[in-house]
Amino acid sequence: MTSVFNLFKAWAKSLAPACLVPAQCLAGLFSLLMLGFAQAQIPAELSPLLVTPVTNGSERVLDLSLALDKSKQLNKPLLLYLGASDCPYCKSYSAFLSRNTAAMKIALADVVLVDIRSSLRGPRPSFQIYDKVFTAAEFKSRIGDPTSGLRYPSWWLLDSNAQQLRPWPSGWDPDEADPQALQAHIRLIKG
């Protein structure tokens with residue numbers, strides 16, 4: 016993104032004498048637009064199984080049935096990631112994964128990675144496991160997560176029966192200045 020920004024800035028400066036908008040304002044506007052297009056999702060290179068919501072009236076249903084089937088078929092635990100397209104911490108986490116794709120591919124080899132796509136706006140999410148739909152609180156109770164509320168981003172490491180194997184922090188924003196952030200994340204995955 017930096018090179019695109021620099022190209023735009025150079026172009027804006029070339030126009031500055033001919034227009035009333037200073038180049039810095041144009042460059043600032045462009046960078047704000049680019050931040051708005053930042054994605055809050057797991058990079059495709061990590062091969063996540065995507066779960067997208069189905070909205071029916073007042074609820075947004077996130078069906079985990081296929082993910083559980085894949086977990087059973089491969090005999091691997093599920094690593095569920097709940098992110099939101101309009102969540103700044105989720106966008107930060109996506110950038111963290113993009114910067115560390117090679118190391119994360121190795122760390123994630125022994126799990127079925129599930130990217131649950133959502134947003135902070137709109138109907139509240141509910142979670143479907145086969146023929147049963149759970150509110151977020153019911154889902155967390157069902158999987159054995161004792162924490163209250165639903166925070167973004169959230170992670171759950173589950174067995175193929177949808178039981179939590181170990182707790183994960185929610186709302187975690189990896190500090191890119193911290194060289195230990197990647198190792199801490201890998202330890203969470205590996206146990």
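Quick note on numbering: the sequence shown equals residues 16 to 206 in my numbering. Backbone N, C-alpha and C define an ideal beta-carbon position, used for all residues, glycine too. These numbers were taken from a predicted model, which means no experiment stands behind them.
Around Leu-165, the same chain offers Ala-151 as residues with beta carbons nearer than 6 angstroms, after the five sequence neighbours per side are excluded. In the three-state scheme derived from DSSP, where H, G and I count as helix and E and B as strand, Ala-55 is classed as coil.
Going by beta carbons, Ser-169 and Ser-134 fall outside the 7 angstroms limit. Residue pairing for Val-76: DSSP places it in a beta bridge opposite Val-69, Ser-141. Taking C-beta atoms under 8 angstroms as the contact rule, Leu-172 and Leu-94 qualify, at a distance of about 5 angstroms. Rounded to the nearest whole angstrom, the C-alpha separation of Asp-78 and Gln-198 is 31 angstroms. Inter-residue distance for Cys-105 and Ser-185 is about 11 angstroms (C-alpha atoms, whole angstroms).
If you check the CB distance, Leu-97 and Ile-131 come in under 7 angstroms.
In chain order, Val-76, Gly-137, Pro-138 place their CB closer than 8 angstroms to the CB of Thr-70, counting only its own chain and leaving out the 5 sequence neighbours on each side. If you draw a straight line from the Cα of Cys-102 to the Cα of Ala-55, it is about 7 angstroms long. Annotation for Thr-116: the continuous alpha helix (DSSP H) segment containing it runs 116-122.
According to the DSSP assignment, Ala-196 belongs to the alpha helix (DSSP H) that extends over 196-205.
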